[in-house]
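K.L.:
Start counting the sequence shown at 35; every next residue gets the next number (our numbering).
For glycine and all other residues, C-beta sits at the position ideal for the given N, C-alpha and C.
Let me begin by handing over the structure; questions about it come next.
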Amino acid sequence: MSMSQGHRAAPAGRGRASQRTYMVRRLVALAFVVALGWGLVSVIATVFGDGDPQQAAAVQPTIITVVNDGQPTTVPIITSPPTVVTEPPVKERTVPSAENPAELLILGDSDAGSFGPYLQTLLDATGMVTTALDYKTSSGLARPDFFDWPSYMRQIVPAANPDIVVVTFGGNDAQGLRNLDKSWAVNHEPASGVDDADWRTEYGARVGAAMDYLSDGNRTLIWVGIPNDDNPDVTARMKVQDEVVRAEVAKRPNVVFVDTWARFSGRNGGWAEFVVDPRDGEGKDVRADDGFHLNQTGAEILAIDIAAAVTADLRARGATI
């Protein structure tokens, strides 16, 4: 039997063995090609986010600007829950010092953006704390369809791995509560003439879940409360929100609560425009024009209260401060 293309016929008696050898080589070559192709597919999938969902990052279609350490930074909005829930690593408790400073992360809405810079200044002066500030205006726990804080926490906390977390969600949450897909979880505001039980339950679950996550792994969580408002109707809604947060704090002795409501109330417990500045004992205007937010002076006074809570935690860790 002749072979084309210059191939000679196999010697008699060796035909079957040669054919088997040939087939084995073909199979080995085919396996190599398949393995190489699969490797290339895996690399491409990892790079472009279409690979194994436990390895590829979740799709991040939208970009926002936050402030981190006083500098604007673009970061992706989380518009859907991540495929893999990243638990915060356990943080070893060490004694803070200049050589081994505690790491602190400030999170929240525009209120965090108002008191955060002065808090960083106060803590930087101790020489025992490094700080990072990361906030999103108009955000909170009521509207994950606008900004999904629970998912974002699961990115930023493992990445920063702080010893201490300071968080606040202020005047944006006293509203109806939506789900991630924009559907209603509770379709009414608190203190709106409707039974608040469902609102309290749902908001309490969101607050409690955030507290549990942020305080996990030996972290200290300092939750900064909200002030009241000069509009009685708005204050009534915020009072429900504040009560829910306090109830969740009471369930968690490891969570530190900064009572912003009391700090910026008058002697009768109502709204106050002027409060005493602890730095000089003088009464000062502390409110912004909208009647709710704090102006620069008010934000600095609040930062002093938060810094006191941080200092107490540093001492509990063994720091000499």
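(1) By alpha-carbon positions, which one of N262, R286, R177, G300 ends up nearest to W218?
(2) Pairs of beta-carbons, one from the stretch 223 to 241 and one from the stretch 272 to 284, closer than 8 Å: are there three or more?
(3) Considering only C-alpha positions, which residue in the set W233, N195, P312 is nearest to R212?
(4) Would T165 be called buried (16 or more neighbouring beta carbons within 10 Å of its own) or exposed?
(5) Who are the near neighbours of E223 in its chain, counting only those whose CB is closer than 7 Å to its CB and skipping five residues on each side?
(6) Quick check: what's the CA-CA separation for T331 versus A136?
(7) Can you name, in chain order, every residue of its own chain whose Cβ lies under 6 Å from the Cβ of S299, other than the five neighbours on each side?
(8) Which same chain residues end up closer than 7 Å to P196 when comparing Cβ atoms and leaving out the 5 residues on each side of it in sequence?
(9) State the DSSP-derived secondary structure class of I340, mapped to helix, strand or coil.
(10) Report the partner residues of L157 according to the DSSP bridge assignment.
(11) Go to V200, then tell me how far its beta strand (DSSP E) extends in each direction, as first and last residue.
(12) Looking at the structure shown, is R321 part of a helix, part of a strand, or coil, going by DSSP?
(13) So, with DSSP's three-state summary, where would you put L214?
(14) Exposed or buried, which one is V310 when buried takes at least 16 other CB atoms within 10 Å?
(15) Between the C-alpha atoms of R301 and K318, what's the straight-line distance to the nearest angstrom?
(16) With a threshold of 8 Å, establish whether the CB of M272 neighbours any heavy atom of the ligand NAD.
(17) Which one or two residues does DSSP pair with A256 in a beta bridge?
(18) State the DSSP-derived secondary structure class of F149, mapped to helix, strand or coil.
(19) According to DSSP, what are the bridge partners of E137?
(20) Under 8 Å Cβ to Cβ from I340, same chain only, skipping five residues before and after it: list those, please.
(21) With distances taken between CB atoms, is the gap from R351 to P184 smaller than 9 Å?
(22) In terms of DSSP beta bridges, what is S131 paired with?
(23) For T202, which residues of its own chain have a beta-carbon under 6 Å away from its beta-carbon, when the five flanking residues on both sides are left out?
(24) Going by DSSP, what residues sit across from F308 in a beta bridge?
P.N.:
Judging by the given coordinates:
(1) To locate residue 218, count along the sequence shown from 1; it is residue 184. W218 has its Cα closest to that of R177, out of N262, R286, R177, G300.
(2) Touching, yes.
(3) As a working note, residue 212 is residue 178 in the sequence shown. Looking at the Cα atoms, W233 is the closest of the given residues.
(4) On the sequence shown, residue 165 is found 131 positions in, with the first residue counted as 1. Buried, by the Cβ-count rule.
(5) The residue labelled residue 223 in the question sits at position 189 within the sequence shown. Excluding positions up to five away in sequence, the list reads A208, Q209, G210, R271.
(6) Start at 1 with the first residue of the sequence shown, and residue 331 comes out as number 297. Start at 1 with the first residue of the sequence shown, and residue 136 comes out as number 102. CA-CA distance, T331 to A136, rounds to 27 Å.
(7) Sequence index remark: in the sequence shown, residue 299 carries index 265 (1-based). The answer, listed in chain order, is A306.
(8) In the sequence shown, counting from the first residue as 1, residue 196 sits at position 162. Take P196, set aside five residues on each side of it, and the residues of its chain with a beta-carbon closer than 7 Å to its own are E137, L138, L139, R253, in chain order.
(9) Reading the sequence shown from its first residue, position 306 is the one you call residue 340. The DSSP-derived three-state label of I340 is helix.
(10) On the sequence shown, position 123 is the one that residue 157 refers to. Note: L157 sits in no beta bridge, so no partner.
(11) By 1-based counting over the sequence shown, the position of residue 200 is 166. 198 to 202 is the extent of the beta strand (DSSP E) around V200.
(12) Translated into the one-based positions of the sequence shown, residue 321 becomes position 287. In the structure shown, R321 sits in a strand (DSSP, three-state: E or B).
(13) One-based indexing of the sequence shown puts residue 214 at position 180. Looking at L214 - three-state DSSP - the assignment turns out to be coil, as it is neither helix nor strand.
(14) Position 276 of the sequence shown, counting from 1, holds the residue named residue 310. Counting Cβ neighbours within 10 Å, V310 comes out exposed, since fewer than 16 surround it.
(15) On the sequence shown, position 267 is the one that residue 301 refers to. On the sequence shown, position 284 is the one that residue 318 refers to. In a straight line, the C-alpha of R301 is about 15 Å away from that of K318.
(16) The ligand NAD is not part of this structure, which contains no ligands at all.
(17) Taking the sequence shown and counting its residues from 1, the one referred to as residue 256 is at position 222. Here residue 256 is Ile; the residue named in the question, Ala, does not match the sequence. Paired residues: V200, V290.
(18) For the purposes of this step, residue 149 is taken as the residue at position 115 of the sequence shown. Taken through DSSP and simplified to helix, strand or coil, F149 comes out as helix.
(19) Locating residue 137 in the sequence shown gives position 103, where the first residue counts as 1. Beta-bridge pairing links E137 to T164.
(20) As a first step, residue 340 is located in the sequence shown; it is residue number 306 there, counting from the start. Answer for I340: F149, L153, V200, I256, V258, V292, listed in chain order.
(21) Your numbering for residue 351 matches position 317 in the sequence shown. Your numbering for residue 184 matches position 150 in the sequence shown. The answer is no: Cβ separation not under 9 Å.
(22) Position 97 of the sequence shown, counted from the start, is the residue given in the question as residue 131. None, per the DSSP bridge assignment.
(23) On the sequence shown, position 168 is the one that residue 202 refers to. Excluding sequence neighbours, T202 sits near G142, D145, A146, V258.
(24) Translated into positions along the sequence shown, residue 308 becomes position 274. Beta-bridge pairing links F308 to D319.
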